[in-house]
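First the structure, in the form of structure tokens, and then the observations on it.
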Amino acid sequence: MKIAVTAQGGELTSELDPRFGRAKWFVIIDTETGEHESLDNSTGVNASSGAGIASGQRIVDSGVKTIITGHCGPNAERVLTSAGIRIVERTGGTVAEAIEAFKKEEL
Amino acid sequence: MKLAIASGKGGTGKTTVATCLASLLAEAGEKVTYIDCDAEEPNGHLILQPTIEHTRPVEVSVVEIDSKKCTGCGECCKACQFHALACINKSVTTFPQLCHACGACSLVCPVDAIIEVPQKRGIIREGHVGNVAFIGGEMSVGEESVVPIVRALKAVVPSDGISILDAPPGTACPAVETIRGTDRVILVTEPTPFGLHDLKLAVATARALGLPAGVVINRCDIGTSDTLDYCQEEGLEVLLEIPNDRAVAVAYSTGTLPTKVVPGFRETMLALVDKVVGWTEEPSNT
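One line per chain: the protein sequences are A and B, in this order. Here the first sequence stands for residues 1 to 107, numbered as in our numbering. Here the second sequence stands for residues 1001 to 1286, numbered as in our numbering.
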């Protein structure tokens, strides 16, 4: 299963970004293979409006099933939930820590 | 002649200058229309206190999807620069509040599945006070963009007489939409670093639109001389300097035209009235 984490950078060691629509990066981890990829979200960061919708669309298109982020606005939430994506709220720590906590079902 | 009163920085005195100018020009026998284009937070009516004769809605066409025709190809979502559409599992979700009614989605849709539905975004009020015709816009609560209201206001600006367009602050879309297509811009500023910073942006905006701009320095005896120096360096005419006077603020706060109650203020403003009347007498080259 693919999980995305909003992060300040594109690494597993990067700090979480509490924002969803204007998060700097999305780090996407495949929990089966352990591999990860990073999406630079500068288009979302710089969007004049509708950042949550644009970011939501990217997450939907990337095939992610769960997103770990600080907070989703109402528009982003509508996009994500209508695609059946689970939103898990978490702030602080690194991407790797968030994934570990998620695997242990601590979130 | 269409005259935009703009500023860059908020709270510099646009509405004070615009309402006093409208009132004094009417007294001088000019046919005057005051248009409150600051439809996000209109307040010209509080000062002018017009009698309103007509109120009508401002509607824009926003996107809706004909689900019978839509194939979920997602082309409309890619075309939308305002992220008003999202394509999820071959189904398009719309966010009408973000729709700017630009029509890009209709252009790219291969199956003609875009429907445009009228949606109310605000109102326009028309009336008069004395010999001043009044037009004011007000955006509905919760709306994202005031631009459709400004466009609707500009569509009813009369082609004769002097029209005074009281612009929203800033230099973003609402202000640009107000200023665009006018004949001249009066930039009201205050001689503070903040006022000067935003004045520079407003001057650049007026120049980008190819409009002659002059400056009114309000509360001219506060702050620094940097604003005056800047106007000289840039060849901007300082149309008027208004001294700081608490009585003007007091009058404004009670919804009274300062020209009617503050000693000397009428005379101060008449210098600007003379300039405006002078512009109407110039051979038209704008």
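All C-beta atoms, glycine included, are put in the ideal place defined by N, C-alpha and C. This structure is a prediction, so every number in the text was calculated from the model and none was measured.
For this session: Indicate the three-state DSSP secondary structure (helix, strand or coil) for leucine 1199/B in the structure shown.
Result: In the structure shown, leucine 1199/B sits in a helix (DSSP, three-state: H, G or I).
Exercise. Rounded to a whole number of angstroms, what is the C-alpha to C-alpha distance between cysteine 1080/B and serine 82/A?
Worked result: Roughly 20 Å separates the two Cα atoms.
Problem set entry | Alpha-carbon spacing of glutamine 1232/B relative to glycine 1214/B, whole angstroms | Going by the C-alpha atoms only, they are around 11 Å apart.
Exercise. Which residues, in chain order, does the segment 42-76 of chain A contribute to contact with chain B at a C-beta distance below 7 Å?
Worked result: Under the 7 Å Cβ criterion, the segment 42-76 of chain A contributes Ala47, Ser49, Gly50, Ile53, Ala54, Gly56, Gln57, Val60 and Asn75.
Problem set entry | Neighbourhood of glycine 1044/B by C-beta distance below 8 Å, restricted to the same chain and skipping five residues each side | Contacts found: Thr1015, Ala1018, Thr1019, Tyr1034, Asp1036, Asp1038, Phe1134, Gly1136 and Asp1166.
Exercise. If you measure from the beta carbon of phenylalanine 1134/B to each beta carbon in chain A, is any gap under 8 Å?
Worked result: Using a CB distance cut-off of 8 Å, phenylalanine 1134/B does not count as an interface residue toward chain A.
Problem set entry | Within the segment 29-83 of chain A, ranges of the alpha helix (DSSP H) (whole runs, at least 4 residues) | Listed in chain order, the complete alpha helix (DSSP H) runs (minimum 4 residues) inside the segment 29-83 of chain A are 42-45, 51-61 and 74-82.
Exercise. On the three-state DSSP scale, how would you describe alanine 1213/B?
Worked result: Strand at alanine 1213/B.
Exercise. Are at least three pairs of beta-carbons, each pair with one atom in the segment 1175-1188 of chain B and one in the segment 1198-1213 of chain B, less than 8 Å apart?
Worked result: Using a C-beta cut-off of 8 Å, the segment 1175-1188 of chain B makes contact with the segment 1198-1213 of chain B, since at least three inter-stretch Cβ pairs fall below that distance.
Exercise. So what's arginine 1310/B in DSSP terms, helix, strand or just coil?
Worked result: Limits of chain B in this structure are 1001 at one end and 1286 at the other, which puts residue 1310/B out of reach.
Exercise. CA-CA distance, cysteine 1220/B and valine 1063/B?
Worked result: Rounded to the nearest whole angstrom, the CA to CA distance from cysteine 1220/B to valine 1063/B is 48 Å.
For this session: May I ask you to report which of helix, strand or coil DSSP gives lysine 1002/B?
Result: Strand at lysine 1002/B.
Exercise. For threonine 1093/B, which residues from the same chain have a beta carbon less than 6 Å from its beta carbon, with the 5 sequence-adjacent residues on both sides left out?
Worked result: Ala1086.
For this session: With a 10 Å radius around its C-beta and 16 neighbouring C-beta atoms as the bar for buried, classify glycine 92/A as buried or exposed.
Result: Answer is exposed; the Cβ neighbour count stays below 16.
Exercise. What is the DSSP secondary structure of cysteine 1173/B, counted as helix, strand or coil?
Worked result: Correct three-state label for cysteine 1173/B: helix.
For this session: Under 8 Å by Cβ, that's how I've got valine 1111/B and lysine 1069/B pegged, so tell me the actual separation to the nearest angstrom.
Result: Going by Cβ atoms, the distance from valine 1111/B to lysine 1069/B rounds to 5 Å, so yes, they are a contact pair.
Problem set entry | Euclidean distance between Cα positions of serine 1253/B and leucine 1098/B | Rounded to whole angstroms, the separation of the alpha carbons of leucine 1098/B and serine 1253/B is 35 Å.
Exercise. For lysine 103/A, does the count of other Cβ atoms within 10 angstroms reach 16, so buried, or fall short, so exposed?
Worked result: With fewer than 16 Cβ atoms within 10 Å of its Cβ, lysine 103/A is classed as exposed.
Exercise. Threonine 66/A: which of Val88/A, Asn41/A, Thr94/A and Gln8/A sits nearest, CA to CA?
Worked result: Ranked by Cα distance from threonine 66/A, the options Val88/A, Asn41/A, Thr94/A and Gln8/A are led by Val88/A.
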